[in-house]
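Numbering follows the working numbering, in which position 192 of the sequence shown is assigned residue number 1666; successive positions increment by one, without gaps.
Using N, Cα and C, we set each Cβ at its ideal position, and we do this for glycine too.
In this text the structure is predicted, and so the values were computed from the model without any measurement.
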Amino acid sequence: MNKISTLNNNWDTSLYEDKHAFVWQYGEDLLQLLNPQPGESILDLGCGTGQLTDKIAQTGAQVWGIDSAPAMIEKAKENYPHIRFDVADATNFKIEQPFDAVFSNAVLHWVKPADRAIASIRQALKPGGRFVAEFGGKGNIQAIVTALSNALEAINISAQALNPWYYPSIGEYATLLEQQGFDVIYSILFARPTPLTQGEAGMANWIRMFASSFLAGLPNEQQIQVIRVVEEYLKPTLYQQGTWQADYRRIRIVAIKI
Ligand code: BEZ
């Protein structure tokens, strides 16, 4: 869905698969929480290039992957031609038949109108169906966002409007779910420091892949300069023994449609 979303939803899927595989590798834990059963119908919301969709299919469940990025869906279809994938938006997708479960990994922090995504998820579920999700929670990549904001403010650019992410607390997100007729039966917020690949270049590459909206509109030279300032700022806390660690904090939720 917005797995590696930019403002124009135009993604380099090869870079995503080659260098950012941690996005779905960490998501494998979430599959245990989903616990898919043979014959169940499951929607993978924000399926990216389809790796977790395929894992769900391997359990014998009927799975449908959707993502708002056409390049992701194209790649997912190429990777797993036996699975159904379609381009659709988390805030207004429509389904033909309600599902037993909606699964979503590392996507919903890209969807700022969270209430609209929850409404879409609700209409996609059977009564008693489950919504199992993980995404960035309160405080996610706080150090990186602060460093980007400071570097931009130093050149008189306000970062607030450029920030594409929504990182709710458990209380906030559970309240939104309850307001739309879900029972929240499990929730957790936890720190998951995430090593970035590519050694010293890891932070710059992460910023270019995931945080490009902060740099949009700047000429390339100035982008390089901002990234350099961010690296200097973060090095004492997030760079150890040749590896950058992103300060991820995840929220995990299981909710049942009443
Ligand atoms: C995340 O998975 O928390 C995340 C990924 C890319 C950008 C921001 C957050």
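Does the beta-carbon of residue i have 16 or more other beta-carbons within 10 angstroms, so that it is buried, or is it exposed?
i	result
F1492	Going by the sequence as given, residue 1492 is Asp instead of Phe. It counts as exposed.
Q1525	buried
L1504	buried
H1583	buried
Q1715	exposed
E1570	exposed
T1649	exposed
F1609	buried
A1665	exposed
I1478	The predicted model places I1478 with a pLDDT of 35, which falls under 50 and marks its position as unreliable; any figure quoted below should be read in that light. The residue is buried, with at least 16 neighbouring Cβ atoms inside 10 Å.
I1595	buried
Under 6 Å Cβ to Cβ from residue i, same chain only, skipping five residues before and after it: list those, please.
i	result
G1676	L1670, W1718
T1480	Per-residue confidence for T1480 stands at a pLDDT of 35, beneath the threshold of 50, marking its modelled position as unreliable; the derived number appears in the next sentence. Result list for T1480: S1686, in chain order.
F1559	G1539, I1547, A1550, K1551
A1729	F1605, L1651, F1656, V1658
A1531	V1537, I1557
L1663	G1611, I1644, I1725
E1674	none
S1515	Q1536, F1573, D1574
Please state if the CB of residue j and the CB of residue i are separated by a distance shorter than 8 Å.
i	j	result
Q1540	L1519	The residue asked about is misnamed: residue 1540 is Ile in this sequence, not Gln. A contact, by the Cβ cut-off of 8 Å.
R1702	K1612	no
I1618	I1725	no
W1498	M1546	no
N1579	G1501	yes
A1564	V1585	yes
W1680	A1625	no
Q1511	A1535	yes
Y1640	I1727	no
V1704	L1692	no
A1621	Y1707	yes
A1607	P1642	no
F1496	T1668	yes
Excluding the five sequence neighbours on either side, which residues of its own chain have a C-beta within less than 8 Å of the C-beta of residue i, listed in chain order?
i	result
I1732	P1601, G1655, F1656, D1657
S1488	none
G1603	P1572, F1573, D1574, A1575, V1576, I1730, K1731
S1632	L1626
With a threshold of 7 Å (Cβ to nearest heavy atom), would residue i be considered close to ligand 3?
i	result
F1656	No copy of ligand 3 occurs in the structure displayed; its ligands are ligand 1 alone.
State the start and end residues of the unbroken beta strand (DSSP E) segment that holds residue i.
i	result
N1579	1573–1579
A1607	1599–1610
W1734	Only positions 1475 to 1732 of the chain appear in this structure, which leaves residue 1734 out of reach.
F1567	No beta strand (DSSP E) contains F1567, which DSSP labels as neither H nor E.
D1515	Looking at the sequence itself, residue 1515 is Ser, so the reference to Asp does not match. Where S1515 is concerned, the enclosing beta strand (DSSP E) stretches over 1515–1519.
So who's on the other strand from residue i, going by DSSP bridges?
i	result
P1669	Q1719
L1508	The partner list for L1508 (beta bridge, DSSP) is empty, contrary to what the question assumes.
E1488	Sequence check: residue 1488 is Ser here, not Glu. Partner(s): none; S1488 has no beta bridge.
V1658	A1729
Y1647	Answer by DSSP bridge pairing: none, since Y1647 is not bridged.
L1663	I1725
R1558	W1538
Between which two residues does the alpha helix (DSSP H) containing residue i stretch?
i	result
P1544	1544–1553
P1710	1694–1712
W1639	Neither: W1639 is in no alpha helix (DSSP H) and is coded neither H nor E.
Q1616	1616–1627
Which residues in the same chain have their Cβ closer than 7 Å to the Cβ of residue i, if we skip the five residues on either side of it in sequence?
i	result
A1591	A1564, T1565, L1582, V1585
L1599	P1572, F1573, V1576, F1605, K1731
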